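Numbering (this note's numbering), first residue to last: 470 to 764.
Glycine is no exception: its CB is placed at the ideal position from the N, C-alpha and C atoms.
Keep in mind that this is a model prediction, so the values were computed, not measured.
Working notes, structure below.
Structure representation (structure tokens):
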């Protein structure tokens with residue numbers, strides 16, 4: 470069922486989209502305002518590219534200090550390190566999002582308020598790279614160079630490259646023996662829980678009960694599974710995941726300690742700093758100031 474809806478969606482995109490510049494929205498570090506910590510939306514950042522396709526209706530997109538209503542058909546590209554919130558999908562809208570995080574190979578199709586998630590396998594990405602002739606991230610970065618120039622030739626190249634990008638993904642997904650990722654874990658419940666953490670870690674309201682509910686088990690049962698398979702509790706894994714993300718943000722040198730804490734789900738910057746020092750053996754301020762460059 471998952472494979473069918475995903476392939477049907479990609480076929481529809483390839484048939485309906487022109488991939489011209491008037492339907493492309495590109496955001497890199499220099500194109501959005503700096504974050505405000507009083508934002509009402511769950512702002513976060515990615516280490517790699519994220520692409521969202523508005524295929525039906527109008528979807529609200531949130532950047533610090535900016536709200537955009539983007540109507541279909543449209544492609545929204547968010548660059549590494551860009552602070553943003555997830556799109557708001559209404560009952561008559563449809564949004565497909567794909568993240569190219571190095572460890573969280575994930576996508577989701579949100580239609581009429583319902584979400585269907587897809588976790589891509591390493592096998593699928595190897596097959597995709599073979600079809601493209603280069604690593605998919607390299608192809609994407611090359612493609613994005615054609616977004617900015619105001620040149621009709623560049624626009625034609627851009628449309629062709631986008632069509633190649635999605636067309637080869639469709640071929641790879643259709644041909645892969647195991648298109649969905651098993652995350653390398655024997656226990657499906659643990660894999661589901663880890664995936665949920667990787668997508669929702671930036672929400673300060675995320676609880677172990679939420680994680681267990683997504684995995685389809687009780688919190689106590691999930692705790693036992695985590696201890697058996699990865700050696701730590703779900704709560705500790707969430708803390709360590711947030712610390713890892715915060716450390717990477719701080720190492721880029723563009724965020725304060727307070728902002729890095731806020732972007733990774735910490736409500737109390739002081740508690741964040743204590744946990745950070747306990748885990749890394751030095752305070753986050755040393756990374757923010759450039760005194761330590763290796764987390």
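7 Å Cβ cutoff met for residue i and residue j
i           : j           : result
residue 688 : residue 679 : no
residue 587 : residue 475 : yes
residue 647 : residue 590 : yes
residue 756 : residue 719 : yes
residue 710 : residue 683 : no
residue 600 : residue 630 : no
residue 539 : residue 528 : yes
residue 738 : residue 745 : no
residue 570 : residue 549 : no
residue 484 : residue 526 : no
Separation of residue j from residue i, as counted between CA atoms
i           : j           : result
residue 751 : residue 613 : 38 Å
residue 685 : residue 658 : 7 Å
residue 665 : residue 621 : 42 Å
residue 597 : residue 740 : 43 Å
residue 503 : residue 697 : With a pLDDT of 48 at residue 503, under the threshold of 50, the modelled position of this residue cannot be trusted, and the question is left open.
residue 602 : residue 734 : 39 Å
residue 537 : residue 694 : 42 Å
residue 489 : residue 615 : 11 Å
residue 673 : residue 544 : 29 Å
residue 518 : residue 660 : 23 Å
residue 632 : residue 638 : 10 Å
residue 663 : residue 675 : 13 Å
residue 580 : residue 747 : 43 Å
residue 626 : residue 609 : 13 Å
residue 742 : residue 722 : 17 Å
residue 546 : residue 707 : 28 Å
residue 480 : residue 486 : 10 Å
Sequence-distant residues of its chain with Cβ nearer than 8 Å to residue i (five each side left out)
i           : result
residue 478 : 524, 565 and 578
residue 509 : Here residue 509 scores only 45 on pLDDT, less than 50, and its place in the model should not be relied on; the value that follows carries that caveat. Same-chain partners within the cutoff: there are none.
residue 644 : 596
residue 606 : 517, 518 and 569
Close Cβ partners of residue i (< 7 Å) along its chain, the five nearest in sequence each way excluded
i           : result
residue 482 : 522, 524 and 635
Bridge partner(s) assigned by DSSP for residue i
i           : result
residue 547 : 496 and 519
residue 577 : 566 and 586
residue 649 : 589
residue 557 : 529
residue 513 : 553
Residue from the options with nearest C-alpha to residue i
i           : options          : result
residue 749 : 722, 716 and 725 : 716
residue 551 : 532, 674 and 681 : 532
residue 758 : 491, 676 and 726 : 726
residue 473 : 668, 681 and 649 : 649
residue 535 : 553, 721 and 541 : 553
residue 714 : 667, 701 and 691 : 667
Close Cβ partners of residue i (< 6 Å) along its chain, the five nearest in sequence each way excluded
i           : result
residue 555 : none
residue 520 : 546 and 567
residue 557 : 529
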